[in-house]
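Peer 1: Just so we're aligned, residue 52 is where the sequence shown starts under my numbering, counting upward by one.
One structure follows; several queries about it will come next.
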Amino acid sequence: MAESANESKGQGRPIPFVYIDESSEGEKTDEQGDGLSGNFTVNEEAIEALRKINGPIAVVAIAGLYRTGKSYLVNRIVGQQSGFQVGPTVEACTRGIWMWSEPVEGTTMQGEKISVVVIDTEGLGGTKASDHYDSRIFSLAVLLCSKLVYNSMGSIDENAISNLSFVANLSQMIRVKTVQNEGEEEQDVEELASFFPSFLWVVRDFALDLVDEDGNEISEKDYLEDSLEQTEDAYDEATAERNHVRACLTAFFQNRECTTLVRPLEDETKLQRVDCEAFDTLRPAFQKGMEQMRTRLLTTLPKKTVRGRVLTGPMLATLAKTYVGAINDNGVPTISTAWEHMAENECREGLAEATEKYESGVDSYVAKSCPVGEAALFEMHNSLREDAMSMFESRSVGDTAAAAKETLKKSVAEHFLAAQKRNKTLSTTFCNDTLAALVDEHCDQRLGQGENMFANMDEVDKAFGTIRALYNEAARGPEASSVLATVLFNQYTRAVKFLQKQMSEENSHLRNEIDAKEKERQRLMVDLSHEKTVHAMDTKEASSSKNVLTGKIATLEQELTSAKEKAQSAQKTATDALKLNEIELKNNEAGAQKEVQTLRAEVKRLKEEQNLYVAPPASAGCQCIVS
Ligand SMILES: Nc1nc2c(ncn2[C@@H]2O[C@H](COP(=O)(O)OP(=O)(O)OP(=O)(O)O)[C@@H](O)[C@H]2O)c(=O)[nH]1
Ligand SMILES: [Mg+2]
Numbered sequence: 052m053a054e055s056a057n058e059s060k061g062q063g064r065p066i067p068f069v070y071i072d073e074s075s076e077g078e079k080t081d082e083q084g085d086g087l088s089g090n091f092t093v094n095e096e097a098i099e100a101l102r103k104i105n106g107p108i109a110v111v112a113i114a115g116l117y118r119t120g121k122s123y124l125v126n127r128i129v130g131q132q133s134g135f136q137v138g139p140t141v142e143a144c145t146r147g148i149w150m151w152s153e154p155v156e157g158t159t160m161q162g163e164k165i166s167v168v169v170i171d172t173e174g175l176g177g178t179k180a181s182d183h184y185d186s187r188i189f190s191l192a193v194l195l196c197s198k199l200v201y202n203s204m205g206s207i208d209e210n211a212i213s214n215l216s217f218v219a220n221l222s223q224m225i226r227v228k229t230v231q232n233e234g235e236e237e238q239d240v241e242e243l244a245s246f247f248p249s250f251l252w253v254v255r256d257f258a259l260d261l262v263d264e265d266g267n268e269i270s271e272k273d274y275l276e277d278s279l280e281q282t283e284d285a286y287d288e289a290t291a292e293r294n295h296v297r298a299c300l301t302a303f304f305q306n307r308e309c310t311t312l313v314r315p316l317e318d319e320t321k322l323q324r325v326d327c328e329a330f331d332t333l334r335p336a337f338q339k340g341m342e343q344m345r346t347r348l349l350t351t352l353p354k355k356t357v358r359g360r361v362l363t364g365p366m367l368a369t370l371a372k373t374y375v376g377a378i379n380d381n382g383v384p385t386i387s388t389a390w391e392h393m394a395e396n397e398c399r400e401g402l403a404e405a406t407e408k409y410e411s412g413v414d415s416y417v418a419k420s421c422p423v424g425e426a427a428l429f430e431m432h433n434s435l436r437e438d439a440m441s442m443f444e445s446r447s448v449g450d451t452a453a454a455a456k457e458t459l460k461k462s463v464a465e466h467f468l469a470a471q472k473r474n475k476t477l478s479t480t481f482c483n484d485t486l487a488a489l490v491d492e493h494c495d496q497r498l499g500q501g502e503n504m505f506a507n508m509d510e511v512d513k514a515f516g517t518i519r520a521l522y523n524e525a526a527r528g529p530e531a532s533s534v535l536a537t538v539l540f541n542q543y544t545r546a547v548k549f550l551q552k553q554m555s556e557e558n559s560h561l562r563n564e565i566d567a568k569e570k571e572r573q574r575l576m577v578d579l580s581h582e583k584t585v586h587a588m589d590t591k592e593a594s595s596s597k598n599v600l601t602g603k604i605a606t607l608e609q610e611l612t613s614a615k616e617k618a619q620s621a622q623k624t625a626t627d628a629l630k631l632n633e634i635e636l637k638n639n640e641a642g643a644q645k646e647v648q649t650l651r652a653e654v655k656r657l658k659e660e661q662n663l664y665v666a667p668p669a670s671a672g673c674q675c676i677v678s
């Protein structure tokens, strides 16, 4: 088939739906007398196209005798000048069943938007095909569609009714249930009819006046109904057969309509390639009739349902495969079996699809957003779970639905557990890294280093307060608190121990200083004693020595005060730092204070001595000089 103009416009194209695969393995012989060998095959491309239609569908199929302008009509229905191949010769053109690759937009009788799958079928009575083959194509069209457009030429006359003789065999070609026991072959026609599509008979090249016997105008519907009335004088076999066809038609297709269309062109030559003639150059009555027919068809669509359940594209694909499988097994397509098969398939695929949807949603959320708090994770889980459940419910059908739903719930719960675990791991890593960076910046870099070094516990506490505040802002995920509790405590203890060590080093340095002062004091004592002896005779000199000594003692007192302060400060810091070294620090303090007291006593004593050197009042004379 030449590439259609529509293909490049992206508005769809005709694709094979069901075809005879003459090269198929285990090649089917012509046992059925089809005149054709090979298996019916559902084309994968059509399956793919149907899988994309997830909403409710209506299916319009066209059937009828070959070379009656069906494909041209279907092209007009899908809104194309050309598309499905229209053949100019007597040779049958369309083979098997074709479909338009894109759904057409339509509405139901209630005005609800619906995706319409449009199907073209091989003409009945084609030269190579047998009646049996025709019946199979026709039954497949009946089984797959919700609106059957039956196309014929001229008028609904006795001949047209005869051409529908295979309709009488439909109850042998399609079964509602499998036959379990002998004697169950008879089918309930009403039940069978409930699965049949609504029926639109399109009469092409219609050139008659729509009037009754009395010349009163009648509607197209009346015309159809009149034509389907039983002929009373059914004496001969052919008439009886046609009456049977009429009875079957009215019994199976209970919702019936009719449309007549005039011949599109007068010119016989152009008529052969009507698809090559611009639509607006065709006879106005044909244009009008075609447009009216199309509008009516696409705005009063019945949804495709089986057992009250509206089908979606994927469901139709599975049904088609099941029916075709039954035909290939030389069996009769059974609606209930196909339904069960489709239901199981839908549940299985719905389960896989919903599980995939949930899991990929969770995985991509974890990769993109985790670590997050438990509440956010739950929110994500609930929303994805809801989506997955409604996705599953939109597909699930039949007896296996409940079990499949339980499986879905279980796998969703398991995957969520794994996601929670992963979130915790990510949270631990993230929080550890965050805290390590903060401890490094605000603590480690100050431990024993330069001016920034911690001087006391208050500074350590302040730094860890900053770390805690910054961490609380930055930490993510459920492990934030536990990481803070464990890691921060360890780091804090480490810092305190470091400070304690630093303080005890300072303490020992202080002790050395006090020792040095003591030595100096002792040296001064010796000097003082010496001075006392030397200056006992000379008051003036004694007075001068006293001054020197007073100065030195003052300096010594200052130094001792400072040493005492340092000792006190060291003792306080070390006490704050850690209770562990409390005893040691207390010892230090006691030692230092004892020394200070000793020094103080010494200073006091020195002061008293010094007072001895103070020049006595004039009346006292030299008596006071002697100690
Ligand atoms: N007289 C007449 N001819 C038509 C009409 N529509 C199409 N044709 C012509 O009928 C011939 C067959 O048209 P198709 O659309 O291929 O018919 P078909 O029923 O799909 O044929 P098969 O696929 O072989 O069954 C072509 O030559 C068309 O030009 C019509 O309304 N009236
Ligand atoms: Mg055709």
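The beta carbon of each residue, even a glycine, is placed where N, CA and C say it ideally should be.
Are the Cβ atoms of Arg255 and Asn214 separated by less than 8 Å?
Peer 2: No, Cβ-Cβ distance for Arg255 and Asn214 is not below 8 Å.
Peer 1: I'd like to confirm something about Cys327: is its beta-carbon nearer than 7 Å to some heavy atom of ligand 2, or not?
Peer 2: No, the Cβ of Cys327 stays beyond 7 Å of every heavy atom of ligand 2.
Peer 1: In or out: Pro335 buried (at least 16 other Cβ within 10 Å) or exposed?
Peer 2: With fewer than 16 Cβ atoms within 10 Å of its Cβ, Pro335 is classed as exposed.
Peer 1: Report the residue from Ala567, Asp287, Cys309 whose alpha carbon sits nearest the alpha carbon of Arg345.
Peer 2: Of the candidates Ala567, Asp287, Cys309, the one whose C-alpha sits nearest the C-alpha of Arg345 is Cys309.
Peer 1: Please return the same chain residues whose Cβ sits closer than 7 Å to the Cβ of Met160, not counting the five positions on each side in sequence.
Peer 2: So the list reads Thr351, once near-sequence residues are dropped.
Peer 1: Count the other C-beta atoms from every protein chain shown that fall within 10 angstroms of the C-beta of Leu191, then say buried if there are 16 or more, exposed otherwise.
Peer 2: Under this definition Leu191 is a buried residue.
Peer 1: Which two residues bound the contiguous beta strand (DSSP E) that contains Tyr123?
Peer 2: Segment 121 to 128 is the alpha helix (DSSP H) holding Tyr123; no beta strand (DSSP E) there.
Peer 1: Would Ile225 pass as a contact of Ile108 if the rule is Cβ separation under 8 Å?
Peer 2: The answer is no: Cβ separation not under 8 Å.
Peer 1: Taking 7 Å as the cut-off, is the C-beta of Asp185 nearer than that to any heavy atom in ligand 2?
Peer 2: Asp185: no, Cβ never under 7 Å from ligand 2.
Peer 1: Taking the continuous beta strand (DSSP E) assigned at Ile66, which residues delimit it?
Peer 2: Looking at the DSSP string, the run of the beta strand (DSSP E) that includes Ile66 is 65 to 72.
Peer 1: Which term fits Gly147, buried or exposed, when burial requires 16 or more other beta carbons within 10 angstroms of its beta carbon?
Peer 2: Label assigned to Gly147: buried.
Peer 1: Taking Gln553 and Gly499 to be in contact with their CB atoms under 8 Å, please state how far apart those CB atoms are, rounded to whole angstroms.
Peer 2: Contact holds; Cβ gap of about 7 Å.
Peer 1: So, helix, strand or coil for Glu444, using DSSP?
Peer 2: DSSP places Glu444 in helix when its eight states are reduced to three.
Peer 1: Let's see if you can read the secondary structure: which residues bound the alpha helix (DSSP H) around Arg473?
Peer 2: Its alpha helix (DSSP H) spans residues 452 to 493.
Peer 1: Do you know whose CA, among Ser152, Gly130, Ile71, lies nearest Ile104's CA?
Peer 2: Of Ser152, Gly130, Ile71, the residue nearest in Cα terms is Ser152.
Peer 1: Counting along the chain, where does the beta strand (DSSP E) carrying Gly157 start and finish?
Peer 2: 155 to 158 is the extent of the beta strand (DSSP E) around Gly157.
Peer 1: If you measure from each CB to the nearest heavy atom of ligand 2 and keep those under 7 Å, what residues do you get, in chain order?
Peer 2: Ordered along the chain, the selected set is Lys121, Ser122, Phe135, Gln136, Val137, Gly138, Cys144, Thr145, Asp171, Gly174.
Peer 1: Throw me the rounded Cβ distance for the Val227 and Phe246 pair, which I believe falls under 8 Å.
Peer 2: With a Cβ gap of about 7 Å, Val227 and Phe246 count as contacting.
Peer 1: Cβ-heavy atom distance between Leu322 and ligand 1 below 7 Å?
Peer 2: Yes, Cβ of Leu322 sits closer than 7 Å to a heavy atom of ligand 1.
Peer 1: So the beta strand (DSSP E) Ile269 belongs to, where does it begin and stop?
Peer 2: Looking at the DSSP string, Ile269 is not in any beta strand (DSSP E), and its letter there is neither H nor E.
Peer 1: By Cβ distance, which residues of its chain are closer than 7 Å to Phe189, with the 5 residues on each side in sequence left out?
Peer 2: Cβ neighbours of Phe189 beyond the five flanking positions: Ala114, Leu175, Phe217.
Peer 1: Count the CB pairs spanning the region 414 to 434 and the region 459 to 475 that are closer than 8 Å, and state whether there are at least three.
Peer 2: Yes: the two stretches touch, three or more of their Cβ pairs being nearer than 8 Å.
Peer 1: Let me know the secondary structure DSSP gives Glu78 once reduced to three states.
Peer 2: Low local confidence applies: a pLDDT of 42 at Glu78 is under 50, so the model's placement there is unreliable, with the coordinate-based value given in what follows. In the structure shown, Glu78 sits in coil (DSSP, three-state: anything other than H, G, I, E or B).
Peer 1: Quick one: grab the DSSP three-state call for Ser559.
Peer 2: Of the three classes helix, strand and coil, the one that applies to Ser559 here is helix, per DSSP.
Peer 1: Using 8 Å as the threshold, is the region 422 to 439 in touch with the region 449 to 456, meaning 3 or more CB pairs across them?
Peer 2: Counting Cβ pairs under 8 Å, fewer than three are found: no touch.
Peer 1: So the alpha helix (DSSP H) Thr350 belongs to, where does it begin and stop?
Peer 2: Element bounds for Thr350: 335 to 350.
Peer 1: According to DSSP, is Ser59 helix, strand or coil?
Peer 2: Any reading at Ser59 needs caution, since the residue's pLDDT is 34, under 50, leaving its predicted position unreliable; the model's value is listed next. Of the three classes helix, strand and coil, the one that applies to Ser59 here is helix, per DSSP.
Peer 1: With a threshold of 7 Å, establish whether the CB of Pro315 neighbours any heavy atom of ligand 1.
Peer 2: Yes.
Peer 1: Taking Cβ positions, are Leu539 and Met508 nearer each other than 8 Å?
Peer 2: Result no, Cβ atoms of Leu539 and Met508 do not sit closer than 8 Å.
Peer 1: Ligand 1 heavy atoms versus the CB of Asp698: any closer than 7 Å?
Peer 2: In the structure as shown, the chain starts at 52 and stops at 678, and residue 698 therefore has no counterpart that could be examined.
Peer 1: Identify whether Pro365 lies in helix, strand or coil by the three-state DSSP scheme.
Peer 2: Here Pro365 sits in helix by DSSP.
Peer 1: Is it the case that the Cβ atoms of Tyr409 and Arg446 are separated by a distance below 8 Å?
Peer 2: The answer is no: Cβ separation not under 8 Å.
Peer 1: By how many angstroms is the C-alpha of Arg307 removed from the C-alpha of Glu444?
Peer 2: Distance between the alpha carbons of Glu444 and Arg307: 34 Å.
Peer 1: My understanding is that Ala112 touches Leu243, with C-beta atoms under 8 Å, so please give their C-beta distance in whole angstroms.
Peer 2: Ala112 to Leu243, Cβ: 18 Å. No contact.
Peer 1: Hey, would you say Phe135 sits closer than 8 Å to Pro65, going by beta carbons?
Peer 2: Yes; because the gap between Cβ atoms is below 8 Å, this pair is in contact.
Peer 1: Quick check: the Cα distance between Asp208 and Ser278, rounded to an integer number of angstroms?
Peer 2: Distance between the alpha carbons of Asp208 and Ser278: 7 Å.
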